[in-house]
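Report on the following structure.
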Amino acid sequence: MPSIETARLRLRTFRLSDTDDFYRIWTDPEVIKFFPPWPLTREKVARSMARSLERWRERNFGLWALELKENGNLIGSAGLQHLDNTTEVEVAYILDTPYWGKGFATEAAKAALRYGFTEVGIERIVAITDPQNVSSRHVMEKLGMKYEKVTHFYGVDNVYYAVSREAYQPDEDPYLSRRA
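See below:
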């Protein structure tokens with residue numbers, strides 16, 4: 077499984093020692109206010125992380141833990157996953173609140189898109205969010221994604237953005253991919 081370094085982030089494999097941090101982030105009411113209800117326990121978080129590792133082995137893509145390069149702090153997760161019950165690949169990101177509004181979601185999502193298009197060869201990547209989640213919509217637009225429609229996933233209405241490999245324009249931001 078690859079790890080990626082960007083200007084400020086290290087996108088790395090989940091570790092069992094991340095469970096408590098992810099439990100705290102993924103259950104923070106502010107972080108999940110635009111998500112459908114998802115009652116989580118530490119055990120469910122650990123299972124979710126294990127499933128992510130399985131998906132990496134099966135598909136050559138998945139979610140990464142996001143770590144600040146400057147101090148190693150875990151700040152969230154981002155990467156690529158299949159939308160439920162589809163073959164579509166979604167870029168997803170979730171950050172701890174102290175790191176909102178600082179460009180980390182965009183930086184991580186750009187790295188995930190670049191990995192998906194250039195290293196895996198995915199033809200099209202989508203993103204969904206609650207229509208009221210303006211910050212996430214801005215990230216999608218910064219990625220070069222275009223709004224396509226309102227759709228229904230995970231039991232709620234979502235706006236749906238997409239970008240094709242052909243339309244994707246990588247930037248010159250630092251990006252270093254390493255295989256473990």
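Residue numbers (the working numbering): 77 to 256. From the three backbone atoms N, C-alpha and C, an ideal C-beta is built for every residue, glycine too. Since the structure is predicted, the reported quantities are computational estimates derived from the model, not experimental observations.
Once DSSP output is grouped into helix, strand and coil, what is the label at residue i?
i    : result
I151 : strand
K218 : helix
L159 : coil
R254 : strand
R100 : helix
R86  : strand
Would you mind working out which of the options sits nearest residue i, comparing C-alpha positions?
i    : options                   : result
L116 : Y99, I201, Y223 and Y191  : Y99
D233 : R88, H158 and D206        : D206
G155 : D172, N147 and I80        : I80
V239 : L150, A185 and E106       : A185
F137 : H158, V121, E146 and R118 : H158
L189 : D160, Q245, L85 and W102  : Q245
Identify the residues that DSSP records as bridge partners of residue i: which are they?
i    : result
T227 : N234
E146 : According to DSSP, E146 bridges with nothing at all.
S93  : In DSSP, S93 forms no bridge with anything.
P78  : R255
With C-beta atoms as the reference, is residue i less than 8 Å away from residue j?
i    : j    : result
E183 : T82  : yes
L92  : A187 : no
E195 : S253 : yes
E106 : T162 : no
L139 : A168 : yes
(request) Ignoring anything shorter than 3 residues or poking outside the region 161-214, list the beta strand (DSSP E) runs there in chain order. (result) 165-171 and 200-205
(request) For the region 108-141, list the alpha helix (DSSP H) runs that are entirely contained and at least 4 residues long, ordered along the chain. (result) 118-135
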